[in-house]
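Read through the structure below, which is laid out as structure tokens, and then see the notes.
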Amino acid sequence: MSQFYRRLPRLQYFLPKTLDEALSFLKEHKAAARLFAGGTDLVPQLKKRETDIPLYLVDLKGIQGLDAITYDEVAGLKIGPLATISAIATCPFVQDHYPSLFQAASSMASPQVRNRGTFAGNICSAVPSADSAPALLALEASVRLLGRKGEREVPIGQFFTGPRKTVLEADEMLLEIGVPSPKPGSRGVYLKLSPRHSMDLAIVGVAAVGTCEDGMCKDIKIALGAVAPTPIRVPAAEATLEGKRVTPGIIEEASQKAASQCSPIDDHRASQEYRRDMVYILARRALNRVLVQ
Amino acid sequence: MKEYTVIGQRVPRIDGREKVMGQAKYAADYSLPGMLFCKVARLPVAHARILNIDTSKAERLPGVKAVVTAKDFNGWTWGFMANTRDEPPLAMDKVRYYMEAVAGVAAIDEDIAEEACDLIKVDYEELPAVFDPEEAIQEGAPVVHDYRPNNVSVEYHWNFGDVEKAFAESHLVREDRFRTSRATKGYLEPPASLAWYDPAGSITVWAAKQSPYFHYRHLAACFGLPLSKIRVIQPFIGGGFGGTKNDSVAGDFCAVLLSRMTGKPVKFIYTQEEELTVSKRRHSMIVYNKMGMSKDGLITAIQSRVIADGGGYTAVSPLTMYLTGCCTPLPYRLPNYKYDCYRAFTNNPICAAMRGHGVTHTRFACEIQMEMMAEELGIDPVEIRMRNAIDNPKPGEIYRTINDMTLKTCGIKEAIQTLVRDPLWAQKDEAPKQDGSVSYGVGMSATSYLGGARQLGHQSCAATVRICEDGTVNLITGATDCGQGSDTVLAMIAAEELGVRYQDIDFKMVDSAYTPVDPGSYGSRVTVLAGQAVQTAAADAKKQLLDILGREWKVNPGEIEIKNAEVYHKSNPSRRIPFDKLAKIACYSGSGAVIIGKGYSGYGIEPLGFENGRGNAGTSFSFTAQTTRAGVDMETGHVTISDFVIAHDCGRPLNPIGAESQNEGGAVQGMGQAIYEDFIMDRGKTLNPTFLDYKMPRSTDVPNIKVIDIITDDPDGPFGAKEASEGSHVSAPPSVVAAIHDATGIWFKEQPVTAEKIVKGLKEKGKWPR
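Chains A and B supply the protein sequences, listed in that same order. The opening position of the first sequence corresponds to residue 7 in our numbering, with each subsequent residue numbered one higher. The opening position of the second sequence corresponds to residue 68 in our numbering, with each subsequent residue numbered one higher.
Structure representation (structure tokens):
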């Protein structure tokens, strides 16, 4: 009758040693099995009975090599499904080449959660306020999914389908997040607004990645978190800037467009109006940081 | 000035080592063989008539040993006053707030107990409900309790002097509406207890109670047992802050009854979410405040009309509403005062006491309103305070407020002047006012809080000091340290008075079978009143020891002194023995010689004038002045508090580390209330019952805090002490809000002043960029 946080429901725990073992288990049990990486999102959801209770937890942490993070100038950044949020935040490649990703990873949750939770898990949970998502959207990342029907690559922009919903099939797992190499001279930023100074959820998150040459905006990608059912890009705002001379007026116009293109909700964390207003403020700050010296 | 050897030393906490090593045991850590687990079943509706409760499915679940509902308590109800005993252990005919308890289950493990709760079927008829306190007291509103058809649970109408005449003669009169937030305590340890109903007819509980003797009386009354059969053993307590841990909760009564039914020990632990959904929280109050001032800024009159959201039951609120009114004549002279309060029953969770009890609401309103008026009159925030502040009475003299509260010491003027000299205030105009989108401001407040609170009934604290033959000492009191550090302070007082070392004192925690009855840890009373009892008991033990040694040495006992565990003849200091030797001589001095000092606080049981608001709500009053520096992002509304300076008159800090940390903790909790904390409600349901969404300050939000002691040595306190902690809890919100005003030019009258409210305020003033 009462539905407070409870103890974990009774579950069968499975610890595969290889990817094949994990995938064939998923194939056999489909929705009755749930993948378990860091568990920082799944465990509270299970305790709260907010998700269907699976029969099996398939712990990926017994499989070697899934926590790799690699980078080269051609292939870009590859993030394995068990790479923790801390690993991203402390990875020299990420710090050097993807500042927006670094800022997103270091702003997430608490040090304990960052040490335990995985970056891929944050994507797969598909919470609209996930900090990792706007940065990945602005960087035009893609995810490699592996399942019964084989492997497929999905652009991150097509991965999220709704709050806590993705294109992942019951028997699929995310194998890798791929982020293209940064364009020469590009800059990036992730700005997060939360009530407190740390360990808090984003009311609004704005990522921008772009290049400005001789005062002209060569390219710009703007992505927003926590202001729509999924993290979103704002193409109209981007189109305002692309190929144009960067002026305060045009940044203003693009920021207004970003604010008008989102569809935030009113809830106990913030009102719709405040969220929309803050998209404008944060977009303006982000664009100034990326496009103006 | 007297030289102290223990008092004033920065000693480590007496329980520090155990707590830091993880060895301290809390209620939830206790277990007994054969123990069952209790879970409480609750109804997720705010107001409903209960038609039937069917527990048969739950009872048939394997592993379930017993289920109780309201009928098993035979109609017993409890409450603070004889005419407010309106709260049953489990809902009887109605539920009056969301998730009120309707049944208790005992099972062999927690999972089964939870599952059994799901199997309890309640047939109910949902009733029209009321959630807004101002609507609740209007005619025609849904009635929460039949015995209060107007939904007014408590009301007082006090009148001192002639406010109407004073307003008419005032140069400036202002009226404003203020509102305080629905705050909660936020302790880490939720309610828990292990209960054992001995088949021979006595109850033993290991319960998380900051005032174990409330619970002791509740259990005796509920189960019809004499007090001699009730044993409340107090484990370490993981935070209190008033309210829930003073009182008993549904789980307490269910666990005892389930133990009686099953013959097994029964334990319950609320989850933090359960605690945040159903436990007693601070009242949110609407304060309609009217203040009059003369041309030169002297306050001529205050009229406060307060409407408090009380939730579903009365609890301790007759005291809440008393405290909300009685302290308004402090810390400024007030010649005319009128107070009308209405505490409304609503279908929200119950509201009760919390740190800064009552005073925080009206002091916030008065402090802000006074500054608004000073601004209109062109008087500076320091000047307005100094012109109105109460002077420190000369030794032997008493300052009497218009409602007959009496002060023997008052350090408010010295506190304000100290802050004026401190760099945060003195150099505020040299510090940058603007950096990018961030505006900076500095604000001040000056407040007061009572120490040694009293309420109805038994008020006295008692202590015994037992001398062991090796010179060590058992200190036995009825006082509870719920985290504030009182065990440490009481041990220091015993050591100082007796003349031994701090580490010679062993402190025994409450066990109602052996320790003396005590009112409890609320209203900043432990150091002040239990401290007085300990001091007296130690003096008594010392007298017994010196009498024996006087006979032995053939000198007048008055010529012998004990200091630092050394005993010596005052005029011939070379004649000396160590304290352990004296202890041995005394304990072995005759057949059956036992040295036990006894003492109790001198504070009696004079009734408070609940109806007319006259009298002392405490033995003494602390005074606090506080400055705050805040940065406000004028685009996002985000507030960063960088500095607090707190000048605090606690009479004399006995353990300076403890007094500092209490001031810091109180101020940070007050800051949470000022800018972050609020329960967001939707028709009686708490939407943010987690610490993710109920936003208390994190360590990264906490400013640099400087605490400056103002020493006034109150004659009624042990070694001059008054209260510390509730004072800075009260001073923080107005000081923070004044700093936000200094940064933004806007006075915010509703707590918490969130970023969103700031942006809204800036938009209204045309100061926001979009």
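Just so you know, even glycine gets a beta-carbon here, dropped at the ideal spot from N, CA and C.
Chain A partners of residue 167(B), CB-CB under 9 Å? Within chain A, no residue comes near residue 167(B); the closest Cβ sits about 10 Å away, beyond 9 Å.
Going along chain A in order, which residues have a C-beta closer than 7 Å to the C-beta of residue 338(B)? 10, 11
Is it true that the CB of residue 427(B) sits closer than 8 Å to the CB of residue 796(B)? With respect to the 8 Å criterion, residue 796(B) and residue 427(B) are classified as neighbours on the basis of their beta carbons.
Reduced DSSP secondary structure (H/G/I, E/B, other) of residue 285(B): helix
Do residue 633(B) and residue 624(B) count as a contact pair if the criterion is CB distance below 8 Å? no
Excluding five sequence neighbours on each side, which residues of the same chain lie with their C-beta closer than 8 Å to the C-beta of residue 815(B)? Correct list, in chain order: 804, 807, 808, 824, 825, 828.
For residue 50(A), name the three-state secondary structure that DSSP assigns. helix
Against chain B, does residue 302(A) count as a neighbour if the rule is that its beta carbon must be under 8 Å from one of theirs? Any property of residue 302(A) remains undetermined from this structure, which presents chain A solely from 7 to 299.
Extent of the continuous alpha helix (DSSP H) to which residue 99(A) belongs: 98–103
Along the chain, where does the beta strand (DSSP E) containing residue 131(B) start, and where does it finish? 131–136
Whole-angstrom C-beta distance between residue 297(A) and residue 237(A), which should lie under 8 Å: Incorrect: roughly 21 Å between the Cβ atoms, too far for contact.
Using 10 angstroms around the beta-carbon of residue 618(B), count the other beta-carbons present and answer buried if the total reaches 16, otherwise exposed. exposed
Is it the case that the CB of residue 178(B) approaches a heavy atom of the ligand NAD more closely than 7 Å? Summarising the ligand content, the structure contains no ligands, and the ligand NAD is consequently not present.
Determine which residues of the segment 268–285 of chain A have a Cβ less than 9 Å from any Cβ of chain B, and write them out in chain order. 273, 274, 275, 276, 277, 279, 280, 283, 284
Which residue wins for smallest C-alpha separation from residue 49(B), given the options 76(B), 686(B), 203(B), 187(B)? Because chain B spans 68 through 837 in this model, residue 49(B) falls outside it and cannot be assessed.
Straight-line gap, residue 562(B) to residue 76(B) (C-alpha atoms, nearest Å): For the pair residue 562(B) and residue 76(B), the Cα-to-Cα distance works out to about 12 Å.
Name, going along the chain, the residues of the segment 796–828 of chain B whose beta-carbon falls closer than 9 Å to a beta-carbon of chain A. 821, 822, 823, 826, 827
Would you mind telling me which residues of chain A sit closer than 8 Å to residue 355(B), beta carbon to beta carbon, in chain order? Near residue 355(B) there are no residues of chain A at all, since even the closest Cβ is about 26 Å away, more than 8 Å.
Hey, is residue 122(B)'s beta-carbon within less than 8 Å of any beta-carbon in chain A? no
Answer with yes or no whether the minimum CB distance from residue 117(A) to chain B is below 8 Å. no
Burial state of residue 386(B), where buried means 16 or more other Cβ atoms lie within 10 Å: buried
Let me check one thing: in DSSP terms, what residues is residue 198(A) bridge-paired to? 211(A)
Nearest-angstrom Cβ-Cβ length linking residue 794(B) and residue 733(B), presumed shorter than 8 Å: 7 Å
State yes or no: is the beta carbon of residue 120(A) nearer than 8 Å to at least one beta carbon in chain B? no
Below-8 Å beta-carbon distance, residue 767(B) vs any chain D residue: Protein chains in the displayed structure are A and B, and chain D is not among them.
Using a 10 Å radius around the Cβ and a threshold of 16 neighbouring Cβ atoms, would you call residue 570(B) buried or exposed? exposed
What number of angstroms, rounded off, separates the C-alpha of residue 7(A) from the C-alpha of residue 188(B)? Here residue 7(A) scores only 42 on pLDDT, less than 50, and its place in the model should not be relied on; the value that follows carries that caveat. Taking the straight line from one Cα to the other gives about 8 Å.
If the cut-off is 8 Å on Cβ atoms, which residues from the segment 187–199 of chain A count as contacting chain B, listed in chain order? 199
Answer yes or no: do residue 125(B) and residue 183(B) have a C-beta to C-beta separation smaller than 8 Å? Result yes, Cβ atoms of residue 125(B) and residue 183(B) sit closer than 8 Å.
Assigned secondary structure, residue 597(B) (DSSP; H/G/I helix, E/B strand, else coil): Three-state result, residue 597(B): helix.
Using 10 angstroms around the beta-carbon of residue 193(B), count the other beta-carbons present and answer buried if the total reaches 16, otherwise exposed. exposed
Check whether the segment 145–153 of chain A touches the segment 173–192 of chain A, taking contact to mean three or more Cβ pairs, one atom from each stretch, closer than 8 Å. yes
To the nearest angstrom, report how far apart residue 64(A) and residue 97(A) are at their CA atoms. 27 Å
What are the start and end residues of the beta strand (DSSP E) that includes residue 633(B)? That run of the beta strand (DSSP E) goes 633–636.
Around the Cβ of residue 715(B), are there at least 16 other Cβ atoms within 10 angstroms (buried) or fewer (exposed)? It counts as buried.
Please confirm if residue 91(A) has its CB atom under 8 Å from at least one CB of chain B. no
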